[in-house]
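Numbers 83 to 482, taken from the working numbering, label the letters of the sequence shown in order.
Glycine included, each C-beta is placed from N, C-alpha and C at the ideal position.
This report refers to the structure that appears directly beneath it.
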Amino acid sequence: MAHYRRVGDVPPKRHTQHRDASGRLYFEELMGEEGFSSDSSLLYHREIPSAIVDSRPWDVPDPSTTPNQPLKPRHLRLHDLFPKEAWAGTDAVTGRRLILGNADVRLSYVVAAAESPLYRNATGDEIVYVESGAATVETIFGALDAKEGDYVVIPTSTTHRWLPAGSGDEPLRAYVIEATGHVAPPKRYLSRFGQFLENAPYCERDLHGPGEPLTAAGTDVEVLVKHRTSRGIGGTRFTYANHPFDVVGWDGCLYPFTFSVHDFEPITGRVHQPPPVHQVFEGHNFVVCNFVPRKVDYHPLSIPVPYYHSNVDSDEIMFYCGGDYEARKGSGIGQGSVSVHPGGLAHGPQPGAYERGIGAEFFDELAVMVDTFRPLELGEGGLACEDPAYAWTWAGRRTP
Numbered sequence: 083m084a085h086y087r088r089v090g091d092v093p094p095k096r097h098t099q100h101r102d103a104s105g106r107l108y109f110e111e112l113m114g115e116e117g118f119s120s121d122s123s124l125l126y127h128r129e130i131p132s133a134i135v136d137s138r139p140w141d142v143p144d145p146s147t148t149p150n151q152p153l154k155p156r157h158l159r160l161h162d163l164f165p166k167e168a169w170a171g172t173d174a175v176t177g178r179r180l181i182l183g184n185a186d187v188r189l190s191y192v193v194a195a196a197e198s199p200l201y202r203n204a205t206g207d208e209i210v211y212v213e214s215g216a217a218t219v220e221t222i223f224g225a226l227d228a229k230e231g232d233y234v235v236i237p238t239s240t241t242h243r244w245l246p247a248g249s250g251d252e253p254l255r256a257y258v259i260e261a262t263g264h265v266a267p268p269k270r271y272l273s274r275f276g277q278f279l280e281n282a283p284y285c286e287r288d289l290h291g292p293g294e295p296l297t298a299a300g301t302d303v304e305v306l307v308k309h310r311t312s313r314g315i316g317g318t319r320f321t322y323a324n325h326p327f328d329v330v331g332w333d334g335c336l337y338p339f340t341f342s343v344h345d346f347e348p349i350t351g352r353v354h355q356p357p358p359v360h361q362v363f364e365g366h367n368f369v370v371c372n373f374v375p376r377k378v379d380y381h382p383l384s385i386p387v388p389y390y391h392s393n394v395d396s397d398e399i400m401f402y403c404g405g406d407y408e409a410r411k412g413s414g415i416g417q418g419s420v421s422v423h424p425g426g427l428a429h430g431p432q433p434g435a436y437e438r439g440i441g442a443e444f445f446d447e448l449a450v451m452v453d454t455f456r457p458l459e460l461g462e463g464g465l466a467c468e469d470p471a472y473a474w475t476w477a478g479r480r481t482p
């Protein structure tokens, strides 16, 4: 995010001495992307940030995937993955179950009421969409309050933990998009200097970063780190000599932030607008869109529900997280569903929805869509919650 922020106590000039009231020197850390050639921030620590005292293996949540073969559309019921009796003992990091993934992006889901361990994802940025519930996300930059409808964007290698705010009856439900690399707003929304343009559906005022430093004391503090290996994804338990949350101030253009889906201003037209008008983020070989409540097409002969389409170069993954999806009636899809439409296969409204939509003036729907430009495979969570009848519903059948 090329949007400068300054939080806490920082010196007037970078890379110069910065001391506390007693004269003790703070330790400056540059956290930057793409070597030294992209966005970065400077953080000022009370203790040496690289002081580790132990390193042990950590078995990350099952990263294995299975090809979508035979190729077909799929419906995944995410709410089936976490029975109520498991909520209290599940946290938002180690409890994630992989739904879909490829070399560019991984989609997971979790229902959690327990505090997570300290965690750092060193494989890429994370976008966590809060389907319901609330949480405080404590990070090395400070704390964020996350509520229903928020995207929480966490840059690569940001040490953080999730503290659900509700009770065991009101858990945090989170849909996790993990990039292998970085995510950002679409380039077409930004000026050549990185400011949001007037035609963008959101702007800097809608992004909420930490407001003050978060400091914690402690020694021999464990942090779970997900990282790259020569064989894919691995995990390590690092023990730090001092608590990572010892930053007294930072400034720069790289930091975690929240963005509410309700602050996204939809773009509409006289006839049906294509999905790119709903785009909110982009990563390497994938995009993220959100579909929000909005007025729909106002041409006198318009058909407001989507036309049938074959995205020959991308898989389309839709997470249904609110409202009433007219185009999906009769398919079995509801709150907490994910539809998987592979590249090259025509898909669109269920039978009857195309006609029923004529004359509609408003759609009350909420969904997060991920389009990938390489095929996705099914994770163990996706395999565990599939509705096997979905692929045949356009033909009016429940079995092939």
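Write down the C-beta distance between SER122 and GLY334 rounded to the nearest angstrom, noting that I regard them as a contact closer than 8 Å.
Taking the first residue of the sequence shown as 1, we reach residue 122 at position 40. Taking the first residue of the sequence shown as 1, we reach residue 334 at position 252. Between GLY334 and SER122 the Cβ distance is about 5 Å, and since that is below 8 Å, they are a contact.
Could you pull the start and end residues of the alpha helix (DSSP H) that TYR472 belongs to?
Position 390 of the sequence shown, counted from the first residue, corresponds to residue 472. Taken as a continuous stretch (DSSP letters only), TYR472 belongs to no alpha helix (DSSP H), as it is neither H nor E.
Mind listing, in chain order, the continuous beta strand (DSSP E) runs of no fewer than 3 residues lying wholly within the stretch 332-413?
339-342, 361-365, 368-373 and 397-405
Straight-line CA distance for GLU167 to TYR402?
The residue given as residue 167 occupies position 85 in the sequence shown. The residue given as residue 402 occupies position 320 in the sequence shown. Roughly 24 Å between the two C-alpha positions.
Proximity winner among GLU230, ALA256, SER132 and THR147, relative to THR176 (alpha-carbon distances)
Here residue 176 corresponds to residue number 94 of the sequence shown, with the count starting at 1. Checking every option, the nearest Cα to that of THR176 belongs to ALA256.
I'd like to know whether the C-beta atoms of ALA216 and ALA247 end up nearer to each other than 7 Å.
For this step, residue 216 is matched to residue 134 along the sequence shown. For this step, residue 247 is matched to residue 165 along the sequence shown. Their beta carbons are under 7 Å apart, which means ALA216 touches ALA247 by this criterion.
Environment of THR311 [buried if 16+ CB atoms lie within 10 Å]:
Numbered from its first residue, the sequence shown carries residue 311 at position 229. Exposed is the call here.
Where the beta strand (DSSP E) containing GLU294 begins and where it ends
For the purposes of this step, residue 294 is identified with residue 212 of the sequence shown, where counting begins at 1. Where GLU294 is concerned, there is no enclosing beta strand (DSSP E), given that its DSSP letter is neither H nor E.
Mark LEU124 as exposed unless 16 or more other C-beta atoms lie within 10 angstroms of its C-beta, in which case mark it buried.
Here residue 124 is taken as the residue at index 42 of the sequence shown, counted from 1. It is buried - the Cβ of LEU124 has at least 16 other Cβ atoms within 10 Å.
On a Cα-Cα basis, can you pick out the residue from TYR191, LEU296, THR262 and CYS285 that is closest to TYR271?
Here residue 271 corresponds to residue number 189 of the sequence shown, with the count starting at 1. It is CYS285.
Please check the pair PRO356 and CYS371, which I expect to be a contact at CB under 8 Å, by giving their CB distance rounded to whole angstroms.
Within the sequence shown, residue 356 is the residue found at index 274, counting from 1. Within the sequence shown, residue 371 is the residue found at index 289, counting from 1. PRO356 to CYS371, Cβ: 10 Å. No contact.
Measuring alpha carbon to alpha carbon, tell me which of GLY331, VAL330 and GLU364 ends up nearest THR262.
For the purposes of this step, residue 262 is identified with residue 180 of the sequence shown, where counting begins at 1. The shortest Cα separation from THR262 among GLY331, VAL330 and GLU364 belongs to GLU364.
If you compare alpha carbons, which of ARG87, SER392, HIS325 and GLY434 is closest to ILE222?
Walking along the sequence shown from the start, residue 222 turns up at place 140. Residue HIS325 is the option with its Cα nearest to ILE222.
Within 10 angstroms of its Cβ, does ARG179 collect 16 or more other Cβ (buried), or is it exposed?
Within the sequence shown, residue 179 is the residue found at index 97, counting from 1. Buried: at least 16 other Cβ atoms inside 10 Å.
Under 7 Å between the Cβ atoms of LYS377 and THR340?
The residue given as residue 377 occupies position 295 in the sequence shown. The residue given as residue 340 occupies position 258 in the sequence shown. No.
Extent of the continuous beta strand (DSSP E) to which GLU447 belongs
To locate residue 447, count along the sequence shown from 1; it is residue 365. First-last of the beta strand (DSSP E) with GLU447: 447-454.
Buried or exposed: which applies to SER421, given that a residue is buried once 16 or more other Cβ atoms fall within 10 Å of its Cβ?
Position 339 of the sequence shown, counted from the first residue, corresponds to residue 421. Under this definition SER421 is a buried residue.
Close Cβ partners of PRO268 (< 6 Å) along its chain, the five nearest in sequence each way excluded
One-based indexing of the sequence shown puts residue 268 at position 186. Answer for PRO268: GLN361 and GLU364, listed in chain order.
Contact check, GLY464 vs LEU182, beta carbons under 7 Å:
As a working note, residue 464 is residue 382 in the sequence shown. As a working note, residue 182 is residue 100 in the sequence shown. Taking 7 Å as the cut-off, the beta carbon of GLY464 is found closer than this to the beta carbon of LEU182.
Evaluate contact between the stretch 135-142 and the stretch 449-459, counting only Cβ atoms and requiring at least three cross-stretch pairs below 8 Å.
no
Option nearest VAL92 by Cα separation, candidates GLU111, SER104 and ALA298:
Residue 92 sits at position 10 when you count from the first residue of the sequence shown. The option with the nearest alpha carbon to VAL92 is GLU111.
Taking ALA261 as part of the beta strand (DSSP E), name the residues at either end of that continuous run.
Walking along the sequence shown from the start, residue 261 turns up at place 179. Here the beta strand (DSSP E) through ALA261 covers 254-261.
What does a CB cutoff of less than 6 Å around VAL369 pick up in its chain, not counting 5 residues either side in sequence?
For the purposes of this step, residue 369 is identified with residue 287 of the sequence shown, where counting begins at 1. Once the five neighbours on either side are set aside, the close Cβ partners of VAL369 are GLN361 and ASP453.
Is the beta carbon of GLU398 closer than 7 Å to that of HIS484?
Summary: the structure shown does not reach residue 484, with the chain confined to residues 83 through 482, and so no result is reported for it.
Alpha carbon of ILE385 to alpha carbon of SER137, nearest angstrom:
Sequence index remark: in the sequence shown, residue 385 carries index 303 (1-based). Sequence index remark: in the sequence shown, residue 137 carries index 55 (1-based). Using only the alpha carbons, I get a separation of about 59 Å.
To the nearest angstrom, how far is the alpha carbon of ILE466 from that of ARG101?
Reading the sequence shown from its first residue, position 384 is the one you call residue 466. Reading the sequence shown from its first residue, position 19 is the one you call residue 101. First, the amino acid is wrong: residue 466 is Ala here, not Ile. Straight-line Cα distance between these residues: approximately 54 Å.
PHE346 and PRO283 look like a contact to me (Cβ under 8 Å); what is the Cβ gap, rounded to whole Å?
Mapped onto the sequence shown, residue 346 falls at position 264. Mapped onto the sequence shown, residue 283 falls at position 201. Right, the Cβ-Cβ distance comes to about 5 Å (below 8 Å), so this counts as a contact.
Give the DSSP-derived three-state secondary structure of LYS95 in the structure shown.
Locating residue 95 in the sequence shown gives position 13, counting from the first residue. LYS95 falls in the coil class under three-state DSSP.
Nearest-angstrom Cα separation, counted from THR172 out to ARG313
Translated into the one-based positions of the sequence shown, residue 313 becomes position 231. Translated into the one-based positions of the sequence shown, residue 172 becomes position 90. If I take the Cα positions, the gap works out to 28 Å.
Specify the secondary structure class of GLU437 as computed by DSSP and reduced to three states.
Here residue 437 corresponds to residue number 355 of the sequence shown, with the count starting at 1. Looking at GLU437 - three-state DSSP - the assignment turns out to be helix.
So, at 6 Å on beta carbons, what are the nonlocal neighbours of VAL135 in its own chain, with the 5 sequence-adjacent residues on each side left out?
Here residue 135 refers to the residue found at position 53 when the sequence shown is read from its first residue. So the list reads THR321 and ALA323, once near-sequence residues are dropped.
Test item: CB-CB of GLU220 and ARG243 under 7 Å
Reading the sequence shown from its first residue, position 138 is the one you call residue 220. Reading the sequence shown from its first residue, position 161 is the one you call residue 243. Going by C-beta atoms, GLU220 is nearer than 7 Å to ARG243.
Close beta carbons around ALA298, own chain, < 7 Å, minus the five adjacent residues each side:
Reading the sequence shown from its first residue, position 216 is the one you call residue 298. Closer than 7 Å at the Cβ level, and outside the excluded window around ALA298, lie HIS325 and PHE327.
Please report how far the alpha carbon of GLY291 lies from the alpha carbon of ASP406, in whole angstroms.
On the sequence shown, position 209 is the one that residue 291 refers to. On the sequence shown, position 324 is the one that residue 406 refers to. Looking at the two C-alpha atoms, the distance is approximately 31 Å.
What three-state label does DSSP hand LEU182 in the structure shown?
Reading the sequence shown from its first residue, position 100 is the one you call residue 182. LEU182 falls in the strand class under three-state DSSP.
Rounded to whole angstroms, how far is the Cβ of GLU260 from the Cβ of ASN203, which I believe are closer than 8 Å?
What you label residue 260 is simply residue 178 of the sequence shown in a count that begins at 1. What you label residue 203 is simply residue 121 of the sequence shown in a count that begins at 1. Right, their Cβ atoms sit about 7 Å apart.
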